[in-house]
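In the numbering used here, the protein residues as written are 1 to 452.
Okay, here's the thing in structure tokens:
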């Protein structure tokens, strides 16, 4: 049985970091003109910034913009890139078997030329279903070959070990926790690889059995044989499971998960390789459509909620705050393929965040040195009396002790003048509540209680 618990909230949710602002990047080409402002994905490689646009790929040698040069595939809508051992790019093109539909084609950079691989050689529309549900594809080295793995929405996972000349499709499997006939490894939004890890990871929405059933539970999938076969672990219902990330904090490995609906938490987090998951109590409409989770070991965690904004957590995903002001989200978002997203990709260098948009170019955000650090949060000692009319809190003298609803609304706050502070909670209705103590030196302690 999968255990689900709640993360301790460590901050109130409406605060905004103001140490820097998002700024629009200059899209000027070095020879005059500008690159397309319809940017689907970004990549950093050897200090250079690459933008996959509706008119091919462009390179900024300084990663600061204003010096863009064409990098190939001009005239094509470049949908995704993978710039690891080799440089691959997926384009969205008209399907050969149905001119009303799109499909995927995969190109590989060979020297100075982009060459079409043998992925989907007959340009079938089945490879292009719901393209805007696709988030990421990956490369991984198996010790001998560079393996490229491409997911599709409804046509499974495809794998090549020879640079794209030959492809095999992973087998579907009956979904263990879903209704009759639901299949795993068929609708796969993203495949991910991580440095130093021989395992591939992905997100999966089981579906497509004979009765057309789609699972209410979404999965993290993983391959321990470089994409040849797959296993899965249930997470939660995000409707569409779009975002996955893996890193270490304090020497421990964590998985992070997000997707279409944020009402269950901005992210879900696992500290035991996906066996158990904790839902962030930072939740609400602003955290819906989470399409990217990024962050290095022991650093801040960033999420891109593509309808609304970019958020940061300095407590390993317990809570999220707005990164900064300056992103202009249109009142009416473009809706390619029916998906109401506006922000398309989020990446990070050592000094900046880069954010691409569906039709408004690229934003950049300067990260002040040491401005954001992961903070270790101590659990707060709290006790309820027998009739649940009073809460006792153990905290340092002078601490500010506050009670919040799970939506972040401040309900009451006191300053402690003894080691143990007692607060009347008679007026609180049956619910989950968050208690936070902040000492005079700024140390946070958090816990929660349930009033029945």
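Think of the CB as a built atom: it goes at the ideal place given N, C-alpha and C, for glycine as much as any other residue.
When the options are compared against residue i, the one with the closest alpha-carbon
i: residue 329; options: 309, 315, 313 and 316; result: 309
i: residue 441; options: 419, 411 and 398; result: 398
i: residue 81; options: 145, 49 and 198; result: 49
i: residue 87; options: 112, 390 and 444; result: 112
i: residue 144; options: 160, 131, 172 and 153; result: 160
i: residue 388; options: 405, 430 and 174; result: 430
i: residue 303; options: 89, 245 and 264; result: 245
i: residue 243; options: 291, 266, 251 and 64; result: 291
i: residue 421; options: 396, 100 and 274; result: 396
i: residue 83; options: 126, 284 and 193; result: 193
i: residue 240; options: 135, 183, 103 and 166; result: 135
i: residue 62; options: 313, 231, 351 and 173; result: 351
i: residue 289; options: 91, 127, 341 and 327; result: 341
i: residue 449; options: 264, 443 and 425; result: 425
i: residue 222; options: 266, 274 and 260; result: 274
i: residue 382; options: 131, 24, 284 and 423; result: 423
i: residue 189; options: 276, 132, 347 and 91; result: 132
i: residue 409; options: 293, 283, 307 and 443; result: 283
i: residue 114; options: 129, 74, 103 and 126; result: 74
i: residue 443; options: 51, 347, 315 and 327; result: 315
Cβ-based neighbour list, residue i, same chain, cut-off 7 angstroms, excluding 5 preceding and 5 following
i: residue 164; result: 106, 108, 117, 118, 119 and 148
i: residue 53; result: 35, 36, 38, 39, 40 and 78
i: residue 26; result: 65 and 66
i: residue 60; result: 48, 49, 67 and 68
i: residue 247; result: 254, 295, 296 and 297
Residue i versus residue j - alpha carbon distance
i: residue 68; j: residue 325; result: 26 angstroms
i: residue 8; j: residue 37; result: Per-residue confidence for residue 8 stands at a pLDDT of 39, beneath the threshold of 50, marking its modelled position as unreliable; the derived number appears in the next sentence. The straight-line gap from Cα to Cα measures roughly 40 angstroms.
i: residue 29; j: residue 56; result: 13 angstroms
i: residue 249; j: residue 47; result: 26 angstroms
i: residue 123; j: residue 358; result: 25 angstroms
i: residue 236; j: residue 279; result: 9 angstroms
i: residue 234; j: residue 311; result: 25 angstroms
i: residue 318; j: residue 286; result: 16 angstroms
i: residue 21; j: residue 79; result: 28 angstroms
i: residue 257; j: residue 432; result: 23 angstroms
i: residue 354; j: residue 31; result: 23 angstroms
i: residue 251; j: residue 203; result: 24 angstroms
i: residue 205; j: residue 217; result: 8 angstroms
i: residue 296; j: residue 428; result: 40 angstroms
i: residue 72; j: residue 366; result: 28 angstroms
i: residue 313; j: residue 98; result: 45 angstroms
i: residue 272; j: residue 418; result: 38 angstroms
i: residue 96; j: residue 187; result: 22 angstroms
i: residue 452; j: residue 391; result: 13 angstroms
i: residue 224; j: residue 172; result: 16 angstroms
i: residue 266; j: residue 413; result: 26 angstroms
i: residue 100; j: residue 89; result: 23 angstroms
i: residue 400; j: residue 320; result: 21 angstroms
Contacting residues, own chain, Cβ-Cβ under 6 angstroms from residue i (five flanking each side not counted)
i: residue 356; result: 39, 42, 344, 345 and 362
i: residue 436; result: 402 and 446
i: residue 150; result: 137 and 158
i: residue 14; result: Unreliable positioning characterises residue 14 in this predicted model, as indicated by a pLDDT of 36, which lies under 50. A coordinate reading is not provided.
i: residue 45; result: 83
i: residue 301; result: 295, 313 and 317
Residue i, DSSP secondary structure in three states
i: residue 238; result: coil
i: residue 45; result: strand
i: residue 198; result: coil
i: residue 258; result: strand
i: residue 128; result: helix
i: residue 358; result: coil
i: residue 220; result: strand
i: residue 133; result: helix
i: residue 243; result: strand
i: residue 350; result: coil
i: residue 36; result: coil
i: residue 65; result: coil
i: residue 25; result: coil
i: residue 174; result: strand
i: residue 432; result: strand
i: residue 123; result: coil
i: residue 70; result: strand
i: residue 481; result: Residue 481 lies beyond the residue range present for the chain, which begins at 1 and ends at 452; the question has no answer from this structure.
i: residue 268; result: strand
i: residue 363; result: strand
Proximal residues to residue i (C-beta, below 8 angstroms), its chain only, five neighbours per side dropped
i: residue 227; result: 140, 147, 149, 157, 159, 170, 191 and 200
i: residue 380; result: 393, 394, 395, 435, 436, 437, 445, 446 and 447
i: residue 405; result: 411, 431, 433 and 434
i: residue 167; result: 118, 119, 158, 159 and 160
i: residue 162; result: 145
i: residue 85; result: 139, 141 and 146
Can you list, in chain order, the stretches of the beta strand (DSSP E) that have 3 or more residues and sit fully within the segment 272-341? 277-279, 290-294, 301-305 and 309-313
Segments of 3+ residues assigned as beta strand (DSSP E) that fall wholly inside the segment 372-427: 381-384, 390-394, 400-405, 410-415 and 420-424
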